[in-house]
């Protein structure tokens, strides 16, 4: 043992990756070294607080029944639906959210602060209320839904599309905030330089801005995907609950809790395992420290 | 630091004193007047009636305050088995009550105090002209049912079997109020809910009665809980729920006598 015995490695986390991407300068070095006790104690307590519930789940898991439970009808359907809808919601969020973040970060206009507050509204709105609000807009009698139904004969609620909409509504703010932060940290002079060299604003955005903020974008997309994957309240209110069509994993877990808590634990573990595997895989690929 | 410690000691003393108070209450039995607060966990379908019964009970016993937590019966049963501090449990089905009695958390044997059965809730005016269960299977009729895991969903399965009707609902809701909400918002054409739930929102919803409903009558049970912080109050409220006055409120809301 050397004199630096108690060393806590702090890996580069998401915000660091985002800010590092933006500045174009070297990130503050993360490396081995002493962690002051005043930081180490709350850090350890925080970690324990986040991890202990997981330990509780593992302790109550009926391991012997695990294979049979996972093979139960509906489990694979719910998992597949969750992965597909969360990915679709992330794609929609990137397509709509990145331009929104760019406008918020790069342009001044009256009411910008209000717009930013509105964008973050879904973060504070209870998701169940979000679900009702979506029904009031896209439902059969909703502001847009009535017109959709009478003109195209399309009804959105209780469909897989509704699941994607609910997840997008709840998860997109994570992406917008993350990308906006990366854009603010990124040096706008690169874009100005591109403009002086004759690039149109669109070209500068595509060839200069986007590559600069890619790590921030990926970090935001990962957060967005994780939030969408765990979405429950808005989904069950707006999309309902029907196996194979709108019953995602969180809904399956909730319903299983009503009748069979052991099954609910198994489903939760499966969701956790799959999401941790995917997030860890993405992290290695996109936002790992050099 | 010293202040903190004094506070902790004071708290511990207070706890011990309260505990002693409880023991005294228990010793004097149900003959003594209930006091303090009574926490009641009750099935979501009891929301309107129990809120009224609670007010009547408070009027009959000045100084007593009744607090309700309404929710799905199985969720409430889980909260009780997980140690939620509550005095009385009123469930919408024998099976959910059994979860509590099986873990030894009921103070005595639960008793049936009322019954409920299903109707077809349709938007006011019944735009799709639904007269019975068979109409629910017609193409273009969107139906919300409760999930099979909750009592109203189990009852829905029983009546549909009895009527030999097979239908594909658009959603399986997590509780009866959620199914009813979908009708109130106009997002579905019909839902199978309890008669009392449809009657509670009679301004927006019509309840269509159907013959097979009698094949799935739900028994509601009430019991004082063993770990009740206020045993006298708990017994008094559980008794009151079985009284003639409470029965009048329940039947007025559409419940049936046990």
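Residue numbers (the working numbering), protein chains in the order written: chain A, 1 to 290; chain B, 1001 to 1258.
Glycine is no exception: its CB is placed at the ideal position from the N, C-alpha and C atoms.
In this text, all values refer to a predicted model and were calculated from it rather than measured experimentally.
According to DSSP, residues forming a beta bridge with residue i
i: residue 1227 (chain B); result: Answer is none; residue 1227 (chain B) lacks a bridge partner.
i: residue 1222 (chain B); result: B:1090 and B:1111
i: residue 1172 (chain B); result: B:1145
i: residue 1116 (chain B); result: B:1218
i: residue 1261 (chain B); result: This structure cannot speak to residue 1261 (chain B), because chain B is shown only from 1001 to 1258.
i: residue 1190 (chain B); result: B:1143
i: residue 1121 (chain B); result: B:1191 and B:1207
i: residue 1256 (chain B); result: B:1115
i: residue 1106 (chain B); result: B:1225
Same chain, Cβ closer than 6 Å to residue i, five either side skipped, listed in chain order
i: residue 1256 (chain B); result: 1115
i: residue 1065 (chain B); result: 1037
i: residue 1204 (chain B); result: 1124 and 1184
i: residue 266 (chain A); result: 69
i: residue 1249 (chain B); result: 1049, 1052 and 1053
i: residue 244 (chain A); result: 77
i: residue 149 (chain A); result: 140 and 155
i: residue 1209 (chain B); result: 1119
Environment of residue i [buried if 16+ CB atoms lie within 10 Å]
i: residue 1241 (chain B); result: buried
i: residue 1187 (chain B); result: buried
i: residue 1140 (chain B); result: exposed
i: residue 73 (chain A); result: exposed
i: residue 145 (chain A); result: buried
i: residue 1171 (chain B); result: buried
i: residue 1002 (chain B); result: The predicted model places residue 1002 (chain B) with a pLDDT of 42, which falls under 50 and marks its position as unreliable, so this point remains unresolved.
i: residue 225 (chain A); result: buried
i: residue 247 (chain A); result: buried
i: residue 1245 (chain B); result: exposed
i: residue 230 (chain A); result: buried
i: residue 42 (chain A); result: exposed
i: residue 40 (chain A); result: exposed
i: residue 49 (chain A); result: exposed
i: residue 1237 (chain B); result: buried
i: residue 1217 (chain B); result: exposed
i: residue 1228 (chain B); result: buried
i: residue 85 (chain A); result: buried
i: residue 109 (chain A); result: exposed
i: residue 1232 (chain B); result: buried
i: residue 1143 (chain B); result: buried
Minimum C-alpha distance to residue i - residue among the options
i: residue 1110 (chain B); options: B:1119, B:1032, B:1120 and B:1094; result: B:1094
i: residue 62 (chain A); options: A:148, A:274 and A:262; result: A:262
i: residue 1104 (chain B); options: B:1249, B:1122, B:1120 and B:1080; result: B:1080
i: residue 1177 (chain B); options: B:1193, B:1167 and B:1171; result: B:1193
i: residue 121 (chain A); options: A:173, A:270 and A:258; result: A:173
i: residue 98 (chain A); options: A:119, A:109 and A:111; result: A:119
i: residue 1219 (chain B); options: B:1039, B:1032 and B:1045; result: B:1045
i: residue 1042 (chain B); options: B:1063, B:1069 and B:1158; result: B:1069
i: residue 1040 (chain B); options: B:1157, B:1102 and B:1230; result: B:1230
i: residue 127 (chain A); options: A:252, A:281, A:257 and A:228; result: A:228
i: residue 158 (chain A); options: A:259, A:193 and A:140; result: A:140
i: residue 1098 (chain B); options: A:278, A:259 and A:282; result: A:259
i: residue 1148 (chain B); options: A:275, A:186 and A:257; result: A:257
i: residue 92 (chain A); options: A:116, A:34 and A:171; result: A:171
i: residue 1207 (chain B); options: B:1107, B:1191 and B:1062; result: B:1191
i: residue 223 (chain A); options: A:185, A:251, A:210 and A:282; result: A:282
i: residue 214 (chain A); options: A:240, A:200, A:193 and A:185; result: A:185
i: residue 57 (chain A); options: A:277, A:280 and A:273; result: A:273
Beta-carbon contacts of residue i that lie in its chain and below 8 Å, excluding the five residues immediately before and after
i: residue 1214 (chain B); result: 1117
i: residue 1048 (chain B); result: 1196, 1200 and 1253
i: residue 1129 (chain B); result: 1135
i: residue 1165 (chain B); result: 1133, 1134, 1136 and 1137
i: residue 1127 (chain B); result: 1189
i: residue 1150 (chain B); result: 1072, 1073, 1074, 1174, 1175 and 1176
i: residue 270 (chain A); result: 70, 75, 79 and 249
i: residue 1078 (chain B); result: 1099
Residues of its chain near residue i, where Cβ-Cβ distance is below 7 Å and the 5 sequence neighbours each way are ignored
i: residue 190 (chain A); result: 208 and 212
i: residue 298 (chain A); result: Because chain A in this structure spans residues 1 to 290, residue 298 (chain A) falls outside the shown range and cannot be described.
i: residue 1251 (chain B); result: 1257
Heavy atom of the ligand NAD within 6 Å of residue i beta-carbon
i: residue 1164 (chain B); result: Summarising the ligand content, the structure contains no ligands, and the ligand NAD is consequently not present.
Check whether the stretch 1212 to 1224 of chain B and the stretch 1088 to 1103 of chain B touch, using three or more Cβ-Cβ pairs below 8 Å as the test. yes
When the Cβ atoms of the stretch 227 to 237 of chain A are set against those of the stretch 154 to 174 of chain A, are three or more pairs found closer than 8 Å? yes
Check whether the stretch 90 to 108 of chain A touches the stretch 179 to 194 of chain A, counting contact only when three or more Cβ pairs, one atom from each stretch, lie closer than 8 Å. yes
Touch test, the stretch 34 to 54 of chain A against the stretch 131 to 138 of chain A, Cβ-Cβ under 8 Å, three pairs minimum: no
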